[in-house]
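So the sequence shown is residues 133 to 696, counted in the numbering used here. Cβ coordinates follow ideal geometry from the N, Cα and C atoms, glycine included. All values reported here derive from a predicted model rather than from experimental measurement. Okay, so here's the structure we're looking at.
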Amino acid sequence: MPGPFGGPTITGDSSPMTRHVSDADSPWLDWHGLGGWNVYFLAKFALLWGGYLNFHPLINLVFAAFLIFPLPRAGWRRARHWLALPVGAGIFYHDTWLPGIESIRAQGSQVFSFTLDYWAELLGRFINWEMVGAGFVLLTLYLFIAQWLRFTPWILLALLWLWVSPQVSNPFASSKGASEHVVNTSREETRPSVLPMEEQLDQSAPPTNENLNAYLDDFYREEQERLVHFPESLPAQATPFDVLIINVCSLAWRDVETSGLTGHPVWSHFDIRFNRFNSATSYSGPSSIRLLRASCGQTSHQGLYVTAPKQCLLFENLAQLGFAKQVAMDHSGDFGNYLTGLQQYAGLDVTPMDKKGLAHDLASFDGEPIYRGDALFGRWLNERTQSQAARNVTFFNLIALHDGNRYVASRQIAPYKARLKTLLDQLDDFMTMLEQSGRKVAVVMVPEHGAALTGDKMQMAGLRDIPSPSITQVPVGVALLGTKAPHEATRNVDTPSSFLAVSELVSRLVGKDVFGSETIDWDALLGDLPQTPSVSENQGSVVIEYQGKYHIKLGQGDWVPYPQ
């Protein structure tokens, strides 16, 4: 019946799960509150406030409207309740930073090869007990306060505000961004093969969705024109030397710092160190393909899986100058068709060095043996000593640091710090051995990506679906072993760099007689190395640095600031 002021009467008991407003004249005005779904939205607000959600206000507002829309029959309302459960779960997943459908589809066939022990470990990481405790407190507070306060109107107002406020604050964002973005398309008739990227791309426009999309398109368009030109022939009487490309899985600056190994003696071997090197991805296959195709500019993730021109292939460029190609890995290369991908898309047409009889202490997350790095280095050095080739270029790929590796003897998880120290010790011993042997070698260490050892608000530790800067900023070093010139203090390259700089540096090394000269012209070797802005991409996710801040785009969604 009508209330004292002619309005509808609140009926039912005082529980927030059953409270509703009705009007006897029309069953379509039998309004019910959100009830228990209030907790669902309150939890989302709490996670959003903490920076743990990629919240989509309109979708959530539509879902809330669906939940409270008046239905005249109780059966319809029960059916809506059961339908809302999977829909709500799907929307919650969509609002998280967890891997999207495209990424799951791409990686799905691989995760089934994980051991049960590794699955249990990943599940333990996924459960954040602090958040579980906070959620219990939130539920308790809701049940207590709901005795006096109706939450539904406030939830709806909050959702409406989250949807409307960004548009109200800058209603002309799209048109303004489009008008302010200007691309300089002028070209000089003659220009060097590798232009400094800061001369090509403009970051002055505001970071609107349209401007960031345009910036990314401009970046890839400019990168298509960048190419490193190797010399047509070696300098006369040039001293022969080898090039070792050591591609280490799961090693970023953040991992080194977290492990407390920034002072390890191995770093003193390097004559050159890149402090702002971006691996451009957080997965092994794409990163290794990018490295082996380093002589051309950075391509999109999709562009990796097409046949590359020969001039892009680093090993092919060196082979044309007489370097014998070789591959050595501490694993089989079967997982994720890693080796097949390198052969198909990076021109690595070499059979890997035989590993028969090598010792191994570790087994990978799928149970495959991981051979000791020192044993692999020792076999390579022994074979190289017996080889008649004057020059050699070898691609080493090492996965001892990959997540989920275990000790063979005990089947226990091998701590990352212990594995990192072991690997750095082995690298240190190997380079010391090369120095003492008198061999002339350019060792180029380029990690694939980081281990995500600490995780962040977007991803738990070990998850690398999103190529965050803490994962893609990797320690790259070059050691020139056996030069006539004495070893000096490490020279740091602090400009934003990527694989193109590695290829350019290698081309300069082979274009000069660095190992036979009494002094090294470091200015000629390191001056004006190509710079590459930080753009990282996996399938379904892109992270860029723009105006000194990182932004992320998932799938076909909008750009959002990377949560700090």
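Under the three-state DSSP convention, the category H683 falls into: As a working mapping, residue 683 is identified with position 551 in the sequence shown. If DSSP states are grouped into helix, strand and coil, H683 belongs with the strands.
Under three-state DSSP, which class holds K488? The residue labelled residue 488 in the question sits at position 356 within the sequence shown. Coil, per DSSP.
Select from L686, I377, V610 and M577 the residue whose C-alpha is nearest the C-alpha of E105. This structure leaves residue 105 out entirely; the chain is present only between 133 and 696.
What does the alpha-carbon distance come out to for the pair P372 and V646? What you label residue 372 is simply residue 240 of the sequence shown in a count that begins at 1. What you label residue 646 is simply residue 514 of the sequence shown in a count that begins at 1. Whole-angstrom Cα-Cα distance: 10 Å.
Is the beta carbon of L480 closer than 9 Å to that of L471? Within the sequence shown, numbered from 1, the residue matching residue 471 stands at position 339. Within the sequence shown, numbered from 1, the residue matching residue 480 stands at position 348. Closer than 9 Å, so yes.
Just the C-alpha distance for E354 and W512, rounded to the nearest angstrom, thanks. Taking the sequence shown and counting its residues from 1, one reaches residue 354 at position 222. Taking the sequence shown and counting its residues from 1, one reaches residue 512 at position 380. Cα to Cα, E354 sits roughly 39 Å from W512.
In chain order, what residues of the same chain lie with their CB nearer than 6 Å to the CB of S318, ignoring the 5 residues before and after it? As a first step, residue 318 is located in the sequence shown; it is residue number 186 there, counting from the start. Any reading at S318 must be qualified, since the residue scores a pLDDT of 34, below 50, and its modelled position is unreliable; no value is offered.
Using the rule of at least 16 other Cβ atoms within 10 Å of the residue's Cβ for burial, across every protein chain shown, is V398 buried or exposed? By one-based count along the sequence shown, residue 398 stands at place 266. When all chains shown are included, V398 counts as buried.
Cβ pair F527, V608 closer than 9 Å: The count along the sequence shown starts at 1 and reaches residue 527 at position 395. The count along the sequence shown starts at 1 and reaches residue 608 at position 476. In this structure, V608 does not lie closer than 9 Å to F527 by Cβ.
Just to confirm my understanding: we take I603, look at its own chain, exclude 5 residues before and 5 after, and list those with CB closer than 7 Å. What are they? Taking the sequence shown and counting its residues from 1, the one referred to as residue 603 is at position 471. Same-chain partners within the cutoff: A384, S414, H581, G582, A584 and R596.
Let me confirm a value: G222 is counted as buried when at least 16 other C-beta atoms fall within 10 Å, else exposed. Which label applies? Position 90 of the sequence shown holds residue 222. Classification for G222: exposed.
Pick from T664, Q558 and P695 that is closest to L333, judged by C-alpha positions: In the sequence shown, counting from the first residue as 1, residue 333 sits at position 201. Of the listed residues, the one whose Cα sits closest to L333 is T664.
Nearest candidate by alpha-carbon position, reference I652, set F631, L612, S668 and H683: Residue mapping note: residue 652 aligns to position 520 of the sequence shown, counting from 1. Minimum Cα distance to I652 is reached at L612.
Stretch-stretch touch, CB-based, cutoff 8 Å, three pairs: the segment 489-509 with the segment 421-439: no
Bridge partners for R623 per DSSP, in chain order? To locate residue 623, count along the sequence shown from 1; it is residue 491. Its beta-bridge partners are I404.
Less than 9 Å between the C-beta atoms of Q679 and R408, yes or no? Your numbering for residue 679 matches position 547 in the sequence shown. Your numbering for residue 408 matches position 276 in the sequence shown. For Q679 and R408, no; Cβs fall outside 9 Å.
Sort V634, F467, N345 and L450 by Cα distance to L423 and report the nearest one. Here residue 423 corresponds to residue number 291 of the sequence shown, with the count starting at 1. With distances taken between Cα atoms, L423 lies closest to V634.
Check whether the Cβ atoms of G220 and F195 sit closer than 9 Å, and answer yes or no. One-based indexing of the sequence shown puts residue 220 at position 88. One-based indexing of the sequence shown puts residue 195 at position 63. Yes, Cβ-Cβ distance for G220 and F195 is below 9 Å.
Got a sec? Which residues, its chain only, sit under 7 Å from S569 by beta carbon, not counting five neighbours each side? Looking up residue 569 in the sequence shown gives position 437. Result list for S569: empty, nothing under 7 Å.
Starting from Y415, follow the alpha helix (DSSP H) in both directions and report where the run begins and ends. Here residue 415 refers to the residue found at position 283 when the sequence shown is read from its first residue. Y415 -> no alpha helix (DSSP H), and no H or E assigned at all.
Under 9 Å between the Cβ atoms of V692 and K685? The residue labelled residue 692 in the question sits at position 560 within the sequence shown. The residue labelled residue 685 in the question sits at position 553 within the sequence shown. Going by C-beta atoms, V692 is nearer than 9 Å to K685.
Between F406 and the rest of its own chain, which residues show a CB-CB distance below 6 Å, the 5 nearest in sequence each way excluded? As a working mapping, residue 406 is identified with position 274 in the sequence shown. Result list for F406: V608, V625 and S629, in chain order.
Check the C-beta distance from M590 over to W208 and give it rounded, since I have them as a contact under 8 Å. Sequence index remark: in the sequence shown, residue 590 carries index 458 (1-based). Sequence index remark: in the sequence shown, residue 208 carries index 76 (1-based). Not really, about 39 Å apart at Cβ, beyond 8 Å.
CA-to-CA distance, D374 to L556, given in whole angstroms: As a working note, residue 556 is residue 424 in the sequence shown. As a working note, residue 374 is residue 242 in the sequence shown. One C-alpha to the other measures close to 21 Å.
Strictly by DSSP, which residues pair up with F528? Within the sequence shown, residue 528 is the residue found at index 396, counting from 1. According to DSSP, which records beta bridges pairwise, F528 is partnered with I378 and A460.
Please say whether R358 and L632 have beta carbons closer to each other than 9 Å? Taking the sequence shown and counting its residues from 1, one reaches residue 632 at position 500. Taking the sequence shown and counting its residues from 1, one reaches residue 358 at position 226. Yes, Cβ-Cβ distance for L632 and R358 is below 9 Å.
I'd like the list of long-range same chain contacts for T586, defined as Cβ closer than 7 Å, with 5 residues on each side in sequence excluded. What you label residue 586 is simply residue 454 of the sequence shown in a count that begins at 1. Within the same chain, T586 has close Cβ partners R386, T390 and A593.
Are the Cβ atoms of P202 and D162 separated by less than 9 Å? Within the sequence shown, numbered from 1, the residue matching residue 202 stands at position 70. Within the sequence shown, numbered from 1, the residue matching residue 162 stands at position 30. Against a cut-off of 9 Å, the Cβ pair of D162 and P202 comes out as a contact.
Taking buried to mean at least 16 other C-beta atoms within 10 Å of its own C-beta, is P324 buried or exposed? Position 192 of the sequence shown holds residue 324. Low confidence applies here, because P324 scores a pLDDT of 40, under 50, leaving its location unreliable and the question unanswered by this model.
Which of helix, strand or coil does DSSP assign to P189? Walking along the sequence shown from the start, residue 189 turns up at place 57. Of the three classes helix, strand and coil, the one that applies to P189 here is helix, per DSSP.
If you draw a straight line from the alpha carbon of I404 to that of G168, how long is it in whole angstroms? Along the sequence shown, one-based indexing puts residue 404 at 272. Along the sequence shown, one-based indexing puts residue 168 at 36. Cα-Cα distance, rounded: 60 Å.
In the DSSP assignment, the alpha helix (DSSP H) including N341 goes from what residue to what residue? Here residue 341 corresponds to residue number 209 of the sequence shown, with the count starting at 1. Here the alpha helix (DSSP H) through N341 covers N341 to E355.
Write down the C-beta distance between S666 and P601 rounded to the nearest angstrom, noting that I regard them as a contact closer than 8 Å. Your numbering for residue 666 matches position 534 in the sequence shown. Your numbering for residue 601 matches position 469 in the sequence shown. With a Cβ gap of about 7 Å, S666 and P601 count as contacting.
If distances are taken between C-alpha atoms only, which option among S420, A456, L658 and N514 comes closest to N469? Against the sequence shown, residue 469 aligns to sequence position 337. Here the closest residue by C-alpha is S420.
For M329, which of helix, strand or coil comes out of DSSP? By one-based count along the sequence shown, residue 329 stands at place 197. Its pLDDT being 48, under 50, M329 is placed unreliably by the model, and nothing is read from it.
With a CB to CB cut of under 6 Å and the five nearest residues on each side skipped, what residues in its chain are close to G473? Counting from one through the sequence shown, the residue named residue 473 turns up at place 341. Correct list, in chain order: G417.
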